[in-house]
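Let me begin by presenting the structure, written as structure tokens, before commenting on it.
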Amino acid sequence: MEITIEGKRLDLGSPRQQAVLAVLLLEAGRVVSVRRLMEAIYGDDPPATSRAQIQICISSLRRLFASYGYPHIITTESQGYIFRCDDDQIDAQRFRRLAVEARRARDAGQLDDAVRGYREALALCSGPLEGIESRLVRSAVTRFTERQITINEECIELELELGRHRELVAEITELVERHPLRERLRGQLMTALYRSGRQAEALQVYQHTRETMIEELGLEPNEELRQLHQAILTSHESLNAPAPPPPRESPPVAPQGTPRLLPSDIADFTGRRRQVETIGRLLTSDRCQLAVPVVVIYGKPGVGKTAIAVHTSHAIADRFPDGQLFADLHGAASPTVHPKQVLERFLRALGLPGTEIPDGLEERAEVYRTMLSDRRMLIVLDDAGSESQVLPLVPGYPDCAVMVTSRSRLVGLPGAMSVEIETFESQQSINLLKRIAGSDRIQDDPEPAAALAQLCGHLPLALRIAGARLAARPNWTIGHLVERLADEARRLDELRYGEMGIRASLALTYESMSEPARRLLRRLAILDFTHYSGWIAAALLDAPLTVAQDLLDDLSDAQLIEMSGTDDGQAHYHLHELTRVFARERVVAEESPVERKDELTRVLSALLALAQQAHSLEYGGDYVKVRSATPSWPAPPEQMETIIGIPMQWFERERVTLVAAIRQAARAGLVELCWDLAITSVTLFEARIYYDDWRQTHEVALEAARQVGDVRGQATMLYSLGSLHSAEQRFDDARRDFEAAAEMFRAEGNDQGEALAIRDLAFLDRMYGRLTAAENGYRHALKIFHANGDLAAAAFVLHSLARTRLELRDPAEARRLLDESLRLSRTAGSKRVEAQVLCWLGDAYIQAGDLSRAVDVLQSSLTMVRAMDDAIGEAYALHQLALARLRRGEFAEAATALERCIDLAGSSRSRLAEVKGFTGLGELASARGEPDKAIHHLDQALALCRKIHAPLYEVRVLTQLSGAHAATGDRSAAEQALAEALSLAAQMDPVVVGQVSADLGRRAP
27 MEITIEGKRL DLGSPRQQAV LAVLLLEAGR VVSVRRLMEA IYGDDPPATS RAQIQICISS
87 LRRLFASYGY PHIITTESQG YIFRCDDDQI DAQRFRRLAV EARRARDAGQ LDDAVRGYRE
147 ALALCSGPLE GIESRLVRSA VTRFTERQIT INEECIELEL ELGRHRELVA EITELVERHP
207 LRERLRGQLM TALYRSGRQA EALQVYQHTR ETMIEELGLE PNEELRQLHQ AILTSHESLN
267 APAPPPPRES PPVAPQGTPR LLPSDIADFT GRRRQVETIG RLLTSDRCQL AVPVVVIYGK
327 PGVGKTAIAV HTSHAIADRF PDGQLFADLH GAASPTVHPK QVLERFLRAL GLPGTEIPDG
387 LEERAEVYRT MLSDRRMLIV LDDAGSESQV LPLVPGYPDC AVMVTSRSRL VGLPGAMSVE
447 IETFESQQSI NLLKRIAGSD RIQDDPEPAA ALAQLCGHLP LALRIAGARL AARPNWTIGH
507 LVERLADEAR RLDELRYGEM GIRASLALTY ESMSEPARRL LRRLAILDFT HYSGWIAAAL
567 LDAPLTVAQD LLDDLSDAQL IEMSGTDDGQ AHYHLHELTR VFARERVVAE ESPVERKDEL
627 TRVLSALLAL AQQAHSLEYG GDYVKVRSAT PSWPAPPEQM ETIIGIPMQW FERERVTLVA
687 AIRQAARAGL VELCWDLAIT SVTLFEARIY YDDWRQTHEV ALEAARQVGD VRGQATMLYS
747 LGSLHSAEQR FDDARRDFEA AAEMFRAEGN DQGEALAIRD LAFLDRMYGR LTAAENGYRH
807 ALKIFHANGD LAAAAFVLHS LARTRLELRD PAEARRLLDE SLRLSRTAGS KRVEAQVLCW
867 LGDAYIQAGD LSRAVDVLQS SLTMVRAMDD AIGEAYALHQ LALARLRRGE FAEAATALER
927 CIDLAGSSRS RLAEVKGFTG LGELASARGE PDKAIHHLDQ ALALCRKIHA PLYEVRVLTQ
987 LSGAHAATGD RSAAEQALAE ALSLAAQMDP VVVGQVSADL GRRAP
């Protein structure tokens, strides 16, 4: 396979990537499903990671083409991918076009033009797709090679008629060597040799052919070859080159009895201009092709497939002067219409008397294809249920065209081009309502009209029913109908008018599905989730993941669910709102409340197990270790790791699901699942600054635990809310919740939970300058964590102890604690704790004056937090790195780091990090001899300290501010700042007062 752009050959990457590209090229302009790409690479046994590998290949190919100025040549569709390019950009497509043009020239008697066309086509063939080991690709190559040699034989036949036998001998001899069993080629070689005066050699070719056929196949040469041999033996005059045939006459004009079976056009057809134009172009394109163009219009029930098909058929009817055939195949009904019945109708419409219609399906199809072979007709097949309904109705000649509507994509139709029909956009919905119910009526009441369209799910059939009901009841306001539809239990009853009904439309498809697929659809409606993936289906059905994924694909193919995207090779689906209402009706009717609660519990347990596994993968262990007694989902860890992939990306992907699950668990009375999911979700909420989600989910879970008297649940939620308040620097609220949590954990005998609360209370003591109390709290918590074997928690506490020693200006002891913390964090595999330890190890080196080592460890910390997308961690690391550079006199680099620190701290709402950033800018300005600028930055830091009530930091800022005022000669302001610092410090450990005096002494001239 070779691709060139402006004469440069592209490096197409790995064999796997080449196979993916080959399949896309073979189906250029048509959707190629992910499943088909998986089959191309892995055959019938794709590994669990196959979807992810396909996505990787697609991403690499997109980057490759984008680098050459073609960023959109591969696009994503709901079911797969499309390679978009002009036909003449692909040699195989040009080959087909040239071959068709050559055949037309041949049929018109223009033999020289035909030969030129054939030769131009053959010049494009040079070992198609060699070196790609894929069964699917090799199968396509085999078909193309067969087509190529057939074209070569047709060309030789014409050149023999034109008397070019001498020039052909060498070429045909080589072709016979490559294709020794092609009897037509051997006959052409015999003819060329005979006409070149080489009768004996022609007879030798026959003898060799006979020996080869008997040896390889056990057969004699065919009758035509035997007759040619006899003619050569007798020098029969029929072997002389015939004169070129005269041009064929133009085909006669279609008779007046031309069948035109299309239903009447849709009077109030609305929107869909792009789809109508696309379908028309695909069916009437002037590009030459060897096969009949087939377009499959697919979409969910009620989306308007038939309306589009009928409207488009009328729009292009004049391009098919020999008539249009139409049949409703009732594919969603039982029983469906058999193609044998349709063929009888079509044959009668084409003028064949009933007495001449054969009985068998194959015989009828043969007569049908024969009757259409010299006609240009459009065949419209509505509501096809399967490929087997359609295939016998496809003509054999490319002057005809076939339009199919179906609820599935019918990917088994060879060469079919798919057009998906989706629900209306908001304005299109309003336009359809105007056409049916009256423009003024809708225009005068825009808000209820928009609500009505929303309740109809922007589904054309539902909108048509709603519009018809309004038109039939002029005394109704739009708001009245909206109120009736708002009751979900009655919505499908309301969306019925005459023969039209949403429930009936959906029920047809539902009943046509297998029982496992029906069970999955109705159970999906139990969940208040916005999207679903394979693991959810597996938990709902208590079935293997592969089985569940296949059933999701079946529902998607039937348009009962919609694919909303893929992440890491995993597809995600959602339910249309009206399909959800239908599915809820079915689950209430077919499954008991106990069964529904069991199914919900399984899904929530699966979600909890995945969230806990993602947390452990991210932190190197179960860093929380305050858990409920809820049984875990019994999926093997390796399968869960496959589902999760990159932990934080999984959390981000499932964020909406987690929030919805916590709320639904509370409503269902699954309290332990509720609060356990909430505490585990903090992994995401804290790292990505989703503080609103954090607060709302925990308030829901706390109330649920209170209602049933779940002490552990209450304690856990209070502890986590304290952590939220601490992250928001609302330290008074944080202390209140931590103290309440510690007391509850203690009463329950949960020392792990108590230790977590004590640890965070120690942090608050440190913020208030109560450094001795902070150390005591940390050591108490550390003892419990060591006893429980919680290495990650112990590492975090050691690092917190070290920060306390740094506040006490004891870098040596801080380094000892940090070294131990670093060892434990690496043993536990906790990258986040390790990054924080490195950050404060850098601070210890700064205090000790070892600035080079400080820069090294801080660069390592910075690399780690950036890899984890930890904005707050990055802000702290940048602050420390800036201090190290400042102390080394690298002022410009320090300024850049501090400005970035403040930006990150602001965007992540970390006021403490902002305080550090502005304090750092103040120190930098003082070092540059710019005390006025220092005062400006320090005033900003001071305002933040007071806003979040962080007394120890306030003392540090006031001390610096006193020095900056003194540097400007403003003795009064300096003394005031000092007095405020000493007043605050007096409420802290005595050591803090001494530090204030020492700092001012160092700054004195």
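Going letter by letter, the sequence shown gives residues 27 to 1031 in my numbering. Don't be surprised by glycine CBs; every beta carbon is placed ideally from N, CA and C.
Asked                                                                                                                                                                  : Found
On the DSSP letters alone, give me the boundaries of the beta strand (DSSP E) that Ile405 sits inside.                                                                 : Leu404 to Ala410
Does DSSP put Ala147 in a helix, a strand or coil?                                                                                                                     : helix
Which term fits Gln639, buried or exposed, when burial requires 16 or more other beta carbons within 10 angstroms of its beta carbon?                                  : buried
From this set, Val49, Leu254, Pro72 and Leu984, which residue's C-alpha is nearest Ile84's C-alpha?                                                                    : Val49
Give the secondary structure of Ala569 by DSSP, where H, G and I count as helix, E and B as strand, and everything else as coil.                                       : coil
For His602, is the classification buried or exposed, using 16 other Cβ atoms within 10 angstroms of its Cβ as the cut-off for buried?                                  : buried
Near Lys959, what residues of its chain come up, given a Cβ to Cβ distance below 7 Å and the 5 sequence neighbours on each side ignored?                               : Ala951
Pull up the CB-CB distance for Ile405 and Val428, whole angstroms please, since I reckon it's below 8 Å.                                                               : 5 Å
Could you check the C-alpha separation between Tyr220 and Gly213 for me, to the nearest Å?                                                                             : 11 Å
Given a cut-off of 9 Å, decide if Leu630 and Gly690 are closer than it, judged by their beta-carbon atoms.                                                             : The question names Gly, but residue 690 in the sequence shown is Gln. Yes.
What is the DSSP secondary structure of Val607, counted as helix, strand or coil?                                                                                      : helix
Going by C-alpha distance, which of Tyr144, Leu137, Arg132 and Arg130 is nearest Phe121?                                                                               : Tyr144
If you draw a straight line from the alpha carbon of Gln667 to that of Thr709, how long is it in whole angstroms?                                                      : The sequence given here places Glu at residue 667; Gln does not occur at that position. In a straight line, the C-alpha of Glu667 is about 17 Å away from that of Thr709.
Could you tell me how far apart the beta carbons of Ala410 and Leu355 are, in whole angstroms, since I believe they sit closer than 8 Å?                               : 5 Å
Quick one, which of Arg35, Ile67, Tyr523 and Ile31 has its alpha-carbon nearest Leu47's?                                                                               : Ile67
Determine the closest residue to Ser856 out of Ala821, Arg835 and Leu827, with distance taken between C-alpha atoms.                                                   : Ala821
Going by CA-CA distance only, name the one from Leu489, Ser434, Phe711 and Glu588 that's closest to Asn457.                                                            : Leu489
Alpha carbon to alpha carbon, how far is Ile562 from Ala1012? Give it in angstroms, no decimals.                                                                       : 58 Å
For Leu124, collect the residues of the same chain with a Cβ closer than 6 Å to its Cβ; drop the 5 residues on either side in sequence, then sort them by chain order. : Gly143, Glu146 and Ala147
Could you check where the alpha helix (DSSP H) with His825 kicks off and where it finishes?                                                                            : Leu817 to Glu833
Just the Cα atoms here: how many angstroms apart are Ala828 and Glu725?                                                                                                : 34 Å
With a threshold of 16 other CB atoms inside 10 Å of the CB of Tyr94, please say whether the residue is buried or exposed.                                             : exposed
DSSP three-state label for Ala353, please.                                                                                                                             : strand
Suppose only complete runs of 4+ residues qualify. What are the alpha helix (DSSP H) ranges in the segment 330-401, listed by chain order?                             : 331-342, 365-375 and 387-398
Classify Lys34 as buried or exposed, calling it buried when 16 or more other Cβ atoms lie within 10 Å of its own Cβ.                                                   : exposed
According to the neighbour-count rule (16 or more other Cβ atoms, all chains shown, within 10 Å of its Cβ), is Pro281 buried or exposed?                               : For Pro281, the predicted model reports a pLDDT of 41, less than 50, meaning its position is unreliable; a value from the coordinates is still stated below. Pro281 comes out exposed.
So, for Ile342: in the same chain, excluding its five sequence neighbours on each side, which residues have a beta-carbon less than 8 Å away from its beta-carbon?     : Gly306, Leu309, Thr310 and Leu404
Return the first residue and the last residue of the alpha helix (DSSP H) that Gln44 is part of.                                                                       : Pro41 to Leu52
If you draw a straight line from the C-alpha of Leu369 to the C-alpha of Met674, how long is it?                                                                       : 57 Å
Quick check on Ala293: does DSSP put it in helix, strand or coil?                                                                                                      : coil
Starting from the Cα of Ala257, find the closest Cα among Gln225, Val430, Thr706 and Met239 and give me that residue.                                                  : Gln225
For Gly422, which residues does DSSP report across the bridge?                                                                                                         : Paired residue(s): none; Gly422 is not in a bridge.
Where do the N-terminal and C-terminal ends of the alpha helix (DSSP H) with Phe944 fall, by residue?                                                                  : Arg937 to Ala953
List the DSSP bridge partners of Lys34.                                                                                                                                : Ile31
DSSP three-state call for Met894: helix, strand or coil?                                                                                                               : coil
So Ala427 is in the beta strand (DSSP E); what residue range does that whole segment cover?                                                                            : Ala427 to Ser432
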